[in-house]
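Peer 1: Structure in structure tokens, see below.
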Amino acid sequence: MRGNQWREYLWIVAVGVALIVALPSAIDTYTLTVLLVYAMLGLSLGLIWGFGGILCFGQAAFFGLGAYAYAISAINFGESTIPMLIAIIVPAAFAAILGAMMFYGRLADVYLGVITLVVTLIFYRFMNSTAGPEYMIGSARLGGFNGIPGFQTLNVPGYPDFYVWGDSLYYVVAVALLLVFLLVTWLLGSSFGRIAVGIRESETRMSLMGYDVRARKTVLFTVGAAIAGLSGAFFANWAEIVTPGLFSLPQSAEIIIWCIVGGLGTRIGPMVGAAGLSYLKFLLGQQSLVDNTLITGLILVLFVLFLPRGLVPAIVSVAGRVLTRRNRPSRRLRVRRAANG
Amino acid sequence: MDLAAVILVEIVYAIASLVLISAGLAIVFGMMKVINLAHGEFMMLGGYVTITAVKAGVNIFLAMILIAPLVVGAIGLIVERLVIRHLYGRLVDTMLATWGLSLFFVGGVTMIFGNTTTGISTPIPGFPIGGYQVNGYNFFIILVSIILVIAMYAVLKGTRIGLIARGTMQRADMAAALGYSPDRVYMATFFVGSALSGLAGAVLAPLVGLVPSSGGAYIAKAFITVIAGGPALVAGLLSSAGFFGLVNQAFAFALSPVVGEVALLISAVILLRVLPQGITTRFFRGRL
Numbered sequence: 533m534r535g536n537q538w539r540e541y542l543w544i545v546a547v548g549v550a551l552i553v554a555l556p557s558a559i560d561t562y563t564l565t566v567l568l569v570y571a572m573l574g575l576s577l578g579l580i581w582g583f584g585g586i587l588c589f590g591q592a593a594f595f596g597l598g599a600y601a602y603a604i605s606a607i608n609f610g611e612s613t614i615p616m617l618i619a620i621i622v623p624a625a626f627a628a629i630l631g632a633m634m635f636y637g638r639l640a641d642v643y644l645g646v647i648t649l650v651v652t653l654i655f656y657r658f659m660n661s662t663a664g665p666e667y668m669i670g671s672a673r674l675g676g677f678n679g680i681p682g683f684q685t686l687n688v689p690g691y692p693d694f695y696v697w698g699d700s701l702y703y704v705v706a707v708a709l710l711l712v713f714l715l716v717t718w719l720l721g722s723s724f725g726r727i728a729v730g731i732r733e734s735e736t737r738m739s740l741m742g743y744d745v746r747a748r749k750t751v752l753f754t755v756g757a758a759i760a761g762l763s764g765a766f767f768a769n770w771a772e773i774v775t776p777g778l779f780s781l782p783q784s785a786e787i788i789i790w791c792i793v794g795g796l797g798t799r800i801g802p803m804v805g806a807a808g809l810s811y812l813k814f815l816l817g818q819q820s821l822v823d824n825t826l827i828t829g830l831i832l833v834l835f836v837l838f839l840p841r842g843l844v845p846a847i848v849s850v851a852g853r854v855l856t857r858r859n860r861p862s863r864r865l866r867v868r869r870a871a872n873g
Numbered sequence: 190m191d192l193a194a195v196i197l198v199e200i201v202y203a204i205a206s207l208v209l210i211s212a213g214l215a216i217v218f219g220m221m222k223v224i225n226l227a228h229g230e231f232m233m234l235g236g237y238v239t240i241t242a243v244k245a246g247v248n249i250f251l252a253m254i255l256i257a258p259l260v261v262g263a264i265g266l267i268v269e270r271l272v273i274r275h276l277y278g279r280l281v282d283t284m285l286a287t288w289g290l291s292l293f294f295v296g297g298v299t300m301i302f303g304n305t306t307t308g309i310s311t312p313i314p315g316f317p318i319g320g321y322q323v324n325g326y327n328f329f330i331i332l333v334s335i336i337l338v339i340a341m342y343a344v345l346k347g348t349r350i351g352l353i354a355r356g357t358m359q360r361a362d363m364a365a366a367l368g369y370s371p372d373r374v375y376m377a378t379f380f381v382g383s384a385l386s387g388l389a390g391a392v393l394a395p396l397v398g399l400v401p402s403s404g405g406a407y408i409a410k411a412f413i414t415v416i417a418g419g420p421a422l423v424a425g426l427l428s429s430a431g432f433f434g435l436v437n438q439a440f441a442f443a444l445s446p447v448v449g450e451v452a453l454l455i456s457a458v459i460l461l462r463v464l465p466q467g468i469t470t471r472f473f474r475g476r477l
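Chains as they are written, first to last, in our numbering: chain A, 533 to 873; chain B, 190 to 477.
Here it is in structure tokens:
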């Protein structure tokens, strides 16, 4: 068991490093950076929805909160190391409070969806209305619908004049994504992750077995928000501006679409869905024949109708069927494979 | 005194418009337990149908009350047959599919009408109450909402169709055993729900500058009102619309319109935390 886990980590690092080196020859690093940022955001919802069964309609709230927390603190501190930490801590703390409020109230399903959606909308409305000069945090103006431009972007820790941008920003984001992926893999392999999957399957059973479902869901929700916050901070560094649009309804919708298209209950799926669909959107944005939103909507409807489990599980099951024809693994192995994704 | 009258009108108007924008969603959710996230886009389509019809020379009231509901209802019927019908009983999947539909409609309307603001002027002039000017059209919206609620109650309570609908709502399998195909009932319900969304969008169209993404402004409010209302159709709609309309306008008058909006959203979060299944699981139980 233990050996298997190490072998998995090694595989992830090997494939990850190979991809980090190989990808820039296919797509330019500027576009690639934002694709990886979105992949991290997709992974954050994939973790809490796919493995914890928490359908959060407001993952964009944590993304936006991370971006805003970074921008505001970067202006105040004039360097980027502490702001990066703040951008993780603020969304996580907020998610812990919100999650505790929802899960200790035993809210689930639609009701959870409504509350997370509403919270995102509150941020959107509030941030849009902060155009006046009286809305200041430290020396940072919130700027209303114009957003916050001109904050200190990522720099080498300790040297505020050595900026990390362009190609180096890509490598930093890529390594960060790899680390987050390893963290998620470790979390899901631990007993905490297994119990989280158990809660997704049957909350009643897990609580009857003596696990504190509410606390565990809150913790998982918080971890997801922390990852979303980190991706938000990277997005702020890439875009060099943060606007209330980060909190908007289409942004939330998109994250959910990535997870559905990529495949729930897998770690790779939401990342592939996020990067793939964002790249598709980027390509479609270069033509004006068909509207972009129309295609996004069509993709979502078609996937829900015909491929509700998503791309990655579908490919895995097809590949599995082809492989098993040659040498059929034991049933237990197949079940475990399906569970691990 | 004049100010009190104006505030009263504004509060009643806020409640009436919440009832109007939520009615279509409430019927679909109450009957079929389907959350139609394309509801806002149905309203947006109703608005566009009205504007197109008016520009083609049709009388504005005819366009709003008759043409828009019929056209949007027909679109809803197509959507139900093609998509929703396959997803009954899968709450989350229907939400996602209808979300996809909403994006699809936004994209489609953008391609046809372009991403610009269109609008028509209100057909009813304003008039003064004391030193304040009041929008006469607000009274039309209040009137439409009152007629709508009475009609909903009368149809559900007093007619044979309403009886079948209520029966299907409570026990779909029993209704099926008695010979009423739930499939047909759901189809009709979705038609009525979409038509009401179209009506709401049409009636509100003269008040807003319409853009393809206008639907997004309605869906959150409608969603909150319906979920907070709970299982009873008419009582839930009225109680939650009353509550939210009051909170919204009270804060809007005391502080600012933005604070009013935010207060509405925060009160929704608190309300759902306290009464997670909606208002009508605690009060007005077993009512319609």
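Every residue gets a Cβ at the ideal spot worked out from N, C-alpha and C, and that includes glycine.
Along chain A, which residues have their Cβ under 8 Å away from the Cβ of ALA409 (chain B)?
Peer 2: Neighbours of ALA409 (chain B) on chain A, chain order: LEU649, VAL650, LEU653 and LEU781.
Peer 1: Taking C-beta to C-beta, are VAL195 (chain B) and ILE330 (chain B) nearer than 7 Å?
Peer 2: Not a contact, by the Cβ cut-off of 7 Å.
Peer 1: Can you tell me whether DSSP reads LEU399 (chain B) as helix, strand or coil?
Peer 2: Correct three-state label for LEU399 (chain B): strand.
Peer 1: State the beta-bridge partners of ALA672 (chain A) as determined by DSSP.
Peer 2: Beta-bridge pairing links ALA672 (chain A) to A:ILE669.
Peer 1: Specify the secondary structure class of VAL323 (chain B) as computed by DSSP and reduced to three states.
Peer 2: Of the three classes helix, strand and coil, the one that applies to VAL323 (chain B) here is strand, per DSSP.
Peer 1: Tell me the rounded alpha-carbon separation between VAL392 (chain B) and PHE328 (chain B).
Peer 2: Roughly 12 Å between the two C-alpha positions.
Peer 1: May I have a chain-ordered list of the beta strand (DSSP E) segments no shorter than 3 residues that lie completely inside the region 312 to 399 of chain B?
Peer 2: As far as the region 312 to 399 of chain B is concerned, its whole beta strand (DSSP E) runs of at least 3 residues are 316 to 318 and 321 to 323.
Peer 1: Please report the straight-line C-alpha distance between HIS228 (chain B) and PHE835 (chain A), rounded to a whole angstrom.
Peer 2: Taking the straight line joining both Cα atoms gives about 20 Å.
Peer 1: At a CB distance below 8 Å, what residues from the region 285 to 300 of chain B approach chain A? Give them in sequence order.
Peer 2: Of all residues in the region 285 to 300 of chain B, LEU285, ALA286, TRP288, GLY289, LEU290, SER291, LEU292, PHE293, PHE294, VAL295, GLY296, GLY297, THR299 and MET300 have a Cβ within less than 8 Å of some Cβ in chain A.
Peer 1: Kindly indicate if chain B contains any beta-carbon less than 7 Å away from that of SER661 (chain A).
Peer 2: True, the Cβ-Cβ gap to chain B drops below 7 Å.
Peer 1: At what residues does the alpha helix (DSSP H) containing PHE724 (chain A) begin and finish?
Peer 2: 723 to 733 is the extent of the alpha helix (DSSP H) around PHE724 (chain A).
Peer 1: Show which residues of chain A have a CB atom less than 8 Å away from the CB atom of PHE472 (chain B).
Peer 2: Within 8 Å Cβ-Cβ: nothing; PHE472 (chain B) doesn't reach chain A, min ~18 Å.
Peer 1: Looking at ALA364 (chain B) and ILE413 (chain B), is the spacing between their C-beta atoms short of 7 Å?
Peer 2: Not in contact: ILE413 (chain B) and ALA364 (chain B) (Cβ atoms no closer than 7 Å).
Peer 1: In whole angstroms, give me the CA-to-CA distance for LEU778 (chain A) and PHE380 (chain B).
Peer 2: Taking the straight line joining both Cα atoms gives about 35 Å.
Peer 1: Quick one, are the C-beta atoms of ALA806 (chain A) and ALA571 (chain A) less than 7 Å apart?
Peer 2: Yes, they are a contact pair.
Peer 1: Do we get a CB-CB distance below 7 Å when we pair ILE273 (chain B) with the residues of chain A?
Peer 2: No, ILE273 (chain B) does not count as interfacial toward chain A.
Peer 1: Looking only at DSSP bridge pairs, what is VAL238 (chain B) linked to?
Peer 2: According to DSSP, VAL238 (chain B) bridges with nothing at all.
Peer 1: Is ILE607 (chain A) closer than 7 Å to PHE694 (chain A) when the C-beta atoms are compared?
Peer 2: No, the pair does not count as a contact, with Cβ atoms beyond the cut-off.
Peer 1: If you measure from the beta carbon of VAL451 (chain B) to each beta carbon in chain A, is any gap under 7 Å?
Peer 2: Judged by the 7 Å Cβ criterion, VAL451 (chain B) is in contact with chain A.
Peer 1: Is it the case that the Cβ atoms of PHE442 (chain B) and ALA452 (chain B) are separated by a distance below 7 Å?
Peer 2: No.
Peer 1: For a cutoff of 7 Å on Cβ pairs, would you count GLY494 (chain B) as touching chain A?
Peer 2: Summary: the structure shown does not reach residue 494 (chain B), with chain B confined to residues 190 through 477, and so no result is reported for it.
Peer 1: Taking PHE658 (chain A) as part of the alpha helix (DSSP H), name the residues at either end of that continuous run.
Peer 2: Where PHE658 (chain A) is concerned, the enclosing alpha helix (DSSP H) stretches over 641 to 660.
Peer 1: Measuring only the C-alpha atoms, how far is PRO802 (chain A) from SER810 (chain A)?
Peer 2: Approximately 12 Å between the Cα atoms of the pair.
Peer 1: Relative to the alpha-carbon of ALA771 (chain A), which residue among A:SER739, A:PRO681 and A:LEU597 has its alpha-carbon at the smallest distance?
Peer 2: Per the Cα distances, A:PRO681.
Peer 1: In the region 435 to 469 of chain B, which residues sit with their C-beta less than 7 Å from some C-beta in chain A, listed in chain order?
Peer 2: The region 435 to 469 of chain B vs chain A, Cβ under 7 Å: VAL447, GLU450, VAL451, LEU454, ILE455, ALA457, VAL458, LEU461, ARG462 and PRO465.
Peer 1: What does PHE412 (chain B) reach in chain A if we use C-beta pairs closer than 8 Å?
Peer 2: Simply VAL646 and LEU649.
Peer 1: Buried or exposed, going by whether 16 or more other CB atoms sit within 10 Å of the CB of GLN359 (chain B)?
Peer 2: Classification for GLN359 (chain B): exposed.
Peer 1: Can you give me the Cβ contacts of GLY610 (chain A) inside the same chain, cut-off strictly under 7 Å, excluding the 5 residues immediately before and after it?
Peer 2: Taken in chain order, the residues that qualify are GLN684 and PRO692.
Peer 1: Could one say the Cβ of ILE416 (chain B) lies closer than 7 Å to chain A's Cβ atoms, at least one of them?
Peer 2: Yes, because at least one Cβ of chain A sits closer than 7 Å to the Cβ of ILE416 (chain B).
Peer 1: Give the C-beta separation of LEU587 (chain A) and ILE759 (chain A) to the nearest angstrom, bearing in mind that I take them to be a contact with Cβ-Cβ under 8 Å.
Peer 2: Wrong, their Cβ atoms sit about 17 Å apart, outside the cutoff.
Peer 1: Using DSSP with H/G/I as helix, E/B as strand and the rest coil, what is MET533 (chain A)?
Peer 2: With a pLDDT of only 49 at MET533 (chain A), under the threshold of 50, the placement of this residue in the model should not be trusted; the figure read from the coordinates follows. Coil at MET533 (chain A), not helix or strand.
Peer 1: Buried or exposed, going by whether 16 or more other CB atoms sit within 10 Å of the CB of LEU542 (chain A)?
Peer 2: Under this definition LEU542 (chain A) is an exposed residue.
Peer 1: Tell me whether the beta-carbon of ILE773 (chain A) lies closer than 7 Å to the beta-carbon of GLY679 (chain A).
Peer 2: Result yes, Cβ atoms of ILE773 (chain A) and GLY679 (chain A) sit closer than 7 Å.
Peer 1: By how many angstroms is the C-alpha of ALA593 (chain A) removed from the C-alpha of PHE635 (chain A)?
Peer 2: Roughly 18 Å between the two C-alpha positions.
Peer 1: Starting from VAL688 (chain A), follow its DSSP beta bridges and name the residues at the other end.
Peer 2: Answer by DSSP bridge pairing, in chain order: A:TYR691.
Peer 1: Can you give me, in chain order, the residues of the region 803 to 828 of chain A that have a beta carbon less than 8 Å from any beta carbon in chain B?
Peer 2: Answer set for the region 803 to 828 of chain A: VAL822, ASP823, ASN824, THR825, LEU826, ILE827 and THR828.
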